[in-house]
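Mapping of the sequence shown onto the working numbering: residues 38 to 429, in sequence order.
Quick reminder that beta carbons are idealized off the backbone N, C-alpha and C, glycines included.
First the structure, in the form of structure tokens, and then the observations on it.
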Amino acid sequence: MPESNAASAGKSTSAEFLPYGRQSISEADIEAVVSVLRGDWLTTGPAVAKFEADLAEHTGGTPAVAVTSGTAALHVAYAAAGIGEGDEVVASPMTFVATAATAALHGAKVVFADVEPDTGNLSVDAASAAITSRTKVVAAVDYAGHPVEADTLAKIAHDAGALLLEDAAHSVGGSWQGRPVGSLADLTTFSFFPTKNLTTAEGGAVVTGSEELLRRAQAFRNHGLVRDKSRQRYPDEGAWHQEVHEFGLNYRLPDVLCALGSSQLKRLTEFKLRRAEIHSRYNAAFADVAGVLTPPRREGADPVWHLYPLRVLDGRRRALFDHLRGLGIGVQVNYIPAYWHPVFEDLGYRRGLCPNAEAYYEQELSLPLFPSLSDADVDRVIDGVREFFGLC
């Protein structure tokens, strides 16, 4: 789920524009990429298999399929689930549009269910009420890096004969009730965009413990090509022969980017710790600010804080946004409810559909949060917020 080109800005100082998110690239990361460039493989080669295996070490051993983006991961996951015309996908609206758009591109009707008013995650009760006999997937988003209540959501999905898809673009490296993200849902999708918890520049992954879903995901990311003679319709055509039984696309993540991903995974624990430190400093600094709410944390959740979603009360979000931008602090808003986009409006979706999501959006302001953010820059953000409320 891409969010901002600010991610590619240079290292910040007090005199420079401070982005809300950016990548952290080390010399080891650079060398990993250079090593592939010096080798024989640029696209699908040994670095892809290594990255998938390395990623599985962070998902409780659940196998991964590397793809070209978080959006591609969602498109592949819905394809693996067999989504098509007449199917329904229950989805959270508090997300980047891709969570819903990729289901719609498969011909599904997206049924938006409201979120919890405090976390911004899909409400169990709202999701349960939205399920019908046509529901094939429940798509829940780990908003800001806080895992959804996957165990309960999986039960209501499975009771209806549907699958649970966890859009974990924000939460690789997190866990819920002691189980790692990636092992909780039937299908999990990750994004490795530069602002995320680790990066492959552009990239994503689909993770699933189902052999059938895994096979379908692997096929869809490679045009649907069938090379296994035992599965071909015309296996005697020749050694060169390959077939397409179901349409797919080229969503292959190349070796050069997978090498970066494997190197970044070695630093994921370090990234997670620094994000938590910054998150805690913000929480402490704003505890006495009457005009804001700080992000909650559910018992049993071990988040990887991708965003710091400050809630600004009394209709002052836009004023604080403009104030901080005026100070060179690149705050962002994540996200407008997905069905507010004109593409969904043109399909008949109307504002007012999910009141909690709309109220959350009206208050949400993402403060800068990334591993290389210095303590001085954290103080700069804190001072800017407190100054706005007359507390400096």
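- Counting the other CB atoms within 10 Å of its CB gives K309 a total of 16 or more, which places it among the buried residues.
- Counting the other Cβ atoms within 10 Å of the Cβ of Q301 gives 16 or more, which makes it buried.
- The Cβ atoms of L224 and L190 do not sit closer than 8 Å to each other.
- Residue burial is scored here from C-beta neighbours: Q369 has at least 16 other C-beta atoms within 10 angstroms and is therefore classed as buried.
- In this structure, the straight-line span from the alpha carbon of P83 to that of Y271 is close to 29 Å.
- DSSP, reduced to helix, strand and coil, places P379 within a helical segment of the structure shown.
- Counted as a single uninterrupted DSSP element, the alpha helix (DSSP H) harbouring L190 occupies residues A187 to D196.
- If you draw a straight line from the Cα of F230 to the Cα of H343, it is about 12 Å long.
- If you draw a straight line from the Cα of Y57 to the Cα of R354, it comes to about 16 Å.
- Across the structure, T81 and A141 are spaced so that their CA atoms are roughly 29 Å apart.
- V127 sits close to A164, with the two beta carbons spaced by under 8 Å.
- A direct Cα-Cα distance of roughly 27 Å separates R75 from K233.
- One alpha carbon belongs to V281, the other to E249, and they sit about 17 Å apart.
- Straight across, the Cα-Cα distance linking L305 with G275 is about 46 Å.
- Its Cα nearest to that of K173, the residue E125 stands out among Q255, H143, E125 and N393.
- Put simply, the backbone Cα of A194 is about 8 Å away from that of I168.
- V71: member of the alpha helix (DSSP H) spanning E64 to L74, first to last residue.
- Runs of the beta strand (DSSP E) lying entirely within the segment 75-150, each at least 3 residues long, are 101-104, 125-128 and 146-149 in chain order.
- Annotated three-state conformation of A256 is helix, per DSSP.
- Take P217, set aside five residues on each side of it, and the residues of its chain with a beta-carbon closer than 7 Å to its own are H95, T96 and G97, in chain order.
- Distance from the CA of V113 to the CA of H207, rounded to the nearest whole angstrom, comes to 18 Å.
- Proximity to V209 across F425, H360, R312 and S403 peaks at R312, based on C-alpha coordinates.
- Taking each of L406, P346, A321 and F425 in turn and checking the Cα distance to T132, the smallest one comes out for P346.
- Going by beta carbons, V85 and A103 fall inside the 8 Å limit.
- The C-alpha of R388 is placed about 6 Å away from the C-alpha of W377.
- Shown here, N393 sits in a helix according to DSSP, grouped into three states.
- By the C-beta density criterion, E424 is exposed, having fewer than 16 other C-beta atoms within 10 angstroms.
- DSSP, reduced to helix, strand and coil, places D325 outside both helices and strands of the structure shown, so it counts as coil.
- In this structure, L111 places its C-beta atom within 8 Å of the C-beta atom of D204.
- Residue state for E280 is assigned as strand, using DSSP reduced to three classes.
- For V418, the uninterrupted alpha helix (DSSP H) segment begins and ends at D412 to F425.
- Rounded to the nearest whole angstrom, the CA to CA distance from R171 to L297 is 41 Å.
- Looking at the DSSP output, V243 sits in a beta bridge with V102 and T226.
- In chain order, V104, T105, A109, V113 and R258 place their CB closer than 7 Å to the CB of Y288, counting only its own chain and leaving out the 5 sequence neighbours on each side.
- Its Cα nearest to that of D66, the residue T237 stands out among R59, A242 and T237.
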